[in-house]
Amino acid sequence: MAVEQPAAREAEQTRIHNIGYRSYDGPRLGRAYACRSLYSQSLRGAYGLGRSVKSKVLPMLLFVVMCAPALIMVAVAVATKAKDLPLEYTRYAIFMQALIGLYVAAQAPQSVSRDLRFKTVPLYFSRPIETVDYVRAKYAALASAMFILTAAPLLILYVGALLAKLDFGHQTKGFAEGMVSVALLSLLFSGISLLIAATTPRRGFGIAAVIAVLTISYAAVSAVQGIADLHSGNSTALVWSGLFSPITLIDGVQTAFLGASSSFPGGQGPSAAQGVVFLLVVLGLIAGSYGLLVRRYRKAGL
8 MAVEQPAARE AEQTRIHNIG YRSYDGPRLG RAYACRSLYS QSLRGAYGLG RSVKSKVLPM
68 LLFVVMCAPA LIMVAVAVAT KAKDLPLEYT RYAIFMQALI GLYVAAQAPQ SVSRDLRFKT
128 VPLYFSRPIE TVDYVRAKYA ALASAMFILT AAPLLILYVG ALLAKLDFGH QTKGFAEGMV
188 SVALLSLLFS GISLLIAATT PRRGFGIAAV IAVLTISYAA VSAVQGIADL HSGNSTALVW
248 SGLFSPITLI DGVQTAFLGA SSSFPGGQGP SAAQGVVFLL VVLGLIAGSY GLLVRRYRKA
308 GL
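So this is what it looks like as structure tokens:
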């Protein structure tokens with residue numbers, strides 16, 4: 008009786024299946040396309056687009072609540088035939104700062120912490136994309152989302168002011184100043200929040216840390232300013248303390264250069280010379296946040 012050899016049995020059991028894989032012969036879209044795709048995906052994700060319904064609820068709700076006061080102001084201005092809007096364009100973001108802080112605290116960890124938690128950062132860098140591309144795309148996406156959130160109410164105010172037949176030149180000037188202000192705010196808040204979120208892979212910790220930094224810094228500065236105004240009347244200490252909170256930094260810059268009224272106690276905003284320091288600190292924080300993010304992801308991508 009012949010014994011079947013193992014090699015013969017393996018040969019009979021071996022099959023080659025053609026499952027239709029073909030090599031890609033099209034154009035290689037490269038690094039720029041990958042960077043744009045990451046930016047687009049991150050921007051959509053900041054409003055829950057392309058994600059679950061639950062992920063859309065908070066950002067969309069915050070966007071609606073952000074715009075609601077502007078709609079009310081416009082309705083009042085049109086109904087009462089007011090000669091001006093009840094709130095300056097440059098003051099709107101200051102007025103809604105808590106909502107802005109909540110939005111950026113929720114979306115910054117969503118943008119970067121999940122990549123760290125699930126260790127997908129090295130996968131990004133296995134494509135034609137470099138560390139600076141990843142950071143630039145994430146930073147630009149969150150700053151764009153923040154700008155949409157803060158600029159949309161200003162656009163509503165501007166269109167409403169024109170419908171109410173308020174002075175075109177005055178409203179256009181105020182609208183332009185407000186847009187510059189929220190652009191700076193978007194860059195500053197996004198940089199600080201992304202840097203904080205990038206230190207931990209836990210989204211909950213990132214949210215709590217961003218809220219703590221934004222809230223505690225503003226509360227501390229407000230307390231110092233209040234004490235300086237009530238007890239010593241020291242306007243110098245009152246103004247310079249504004250350097251230690253993101254929202255008061257923006258307030259100081261727009262007071263010095265954009266014709267805004269200050270929200271500092273007593274309306275004692277920085278002078279033009281002091282405003283230069285405020286502006287340099289804002290630009291330094293933006294550049295520093297970007298640089299530290301690049302450094303962070305050079306390590307995370309290894």
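When we follow the working numbering, the leftmost residue of the sequence shown carries the number 8, and every step to the right adds one.
Each residue gets a CB set at the ideal place from its N, CA and C atoms; glycine is no exception.
Assuming contact is defined by CB atoms lying nearer than 8 angstroms, are residue i and residue j in contact in what I supplied?
i    : j    : result
A216 : I234 : no
S120 : R210 : yes
R143 : C42  : yes
T255 : V220 : no
G259 : P277 : yes
L201 : S47  : no
Let me check understanding here. Comparing Cα to Cα, which of the options lies closest to residue i?
i    : options                : result
P116 : A41, G198, T138        : G198
G213 : Y165, V289, Y110, A150 : Y110
V81  : Q104, P160, Y46        : P160
G76  : K61, D140, P93, A86    : The residue asked about is misnamed: residue 76 is Pro in this sequence, not Gly. Cα-wise, what sits closest to P76 is P93.
S252 : F196, V128, V60        : F196
A171 : L78, P129, M103        : L78
A307 : A89, V289, M186, T207  : T207
S269 : Q232, H238, R302, V289 : Q232
V284 : Y141, Q275, L250       : L250
E88  : L169, S59, D140        : The sequence given here has Lys at residue 88, not Glu. Out of L169, S59, D140, L169 has the C-alpha closest to the C-alpha of K88.
Sorted by chain position, which residues of the same chain lie with C-beta nearer than 8 angstroms to residue i's C-beta, five sequence neighbours on each side aside?
i    : result
M8   : Reliability of the predicted coordinates at M8 is poor, the pLDDT of 48 falling under 50, and the value obtained from them is presented with this limitation in mind. Nothing listed; no residue qualifies.
R305 : T138
E184 : Y96, T97, Q261, L265, G266, A267
I136 : R38, A41, C42, L45
I257 : A100, I101, S188, L191, L192, L195, V289
Just to confirm the assignment, what range does the alpha helix (DSSP H) spanning residue i have?
i    : result
D91  : Unbroken run through D91: none, as it is neither H nor E.
F198 : The question names Phe, but residue 198 is Gly in the sequence shown. Where G198 is concerned, the enclosing alpha helix (DSSP H) stretches over 175-204.
D140 : 138-170
S268 : Taken as a continuous stretch (DSSP letters only), S268 belongs to no alpha helix (DSSP H), as it is neither H nor E.
Y54  : First-last for Y54: undefined, no H or E at that position.
D122 : 104-124
R58  : That residue, R58, is in no alpha helix (DSSP H); it is neither H nor E in DSSP.
Q232 : 210-234
F251 : From DSSP, F251 is part of no alpha helix (DSSP H); its letter is neither H nor E.
L299 : 279-307
L130 : 128-132
Here's a check: name, in chain order, each residue in its chain whose Cβ is nearer than 6 angstroms to the Cβ of residue i, leaving out the five neighbours to either side.
i    : result
Y54  : P66
F264 : G282
K118 : Residue 118 is actually Ser in this sequence, not Lys. Contacts found: S49, K145, L149.
A279 : A263
L286 : V260
G108 : L221
Beta-carbon within less than 7 angstroms of residue i's beta-carbon, same chain only, minus the 5 sequence neighbours each way: which residues are those?
i    : result
L309 : Annotation note: pLDDT 48 at L309 (below 50); position unreliable, coordinate value reported separately. Cβ within range, chain order: n/a, list empty.
Is any beta-carbon of chain D found at less than 8 angstroms from that of residue i?
i    : result
V288 : The structure shown contains no chain D; it is built from a single protein chain.
*Is the stretch 174-193 in contact with the stretch 71-86, if contact means three or more CB pairs nearer than 8 angstroms?*
Too few Cβ pairs lie closer than 8 angstroms, so no.
*asked:* Using a Cβ distance threshold of 8 angstroms, determine whether the stretch 144-163 contacts the stretch 241-257, with at least three qualifying pairs required.
replied: With a cut-off of 8 angstroms, the stretch 241-257 and the stretch 144-163 do not count as touching, because too few Cβ pairs lie within range.
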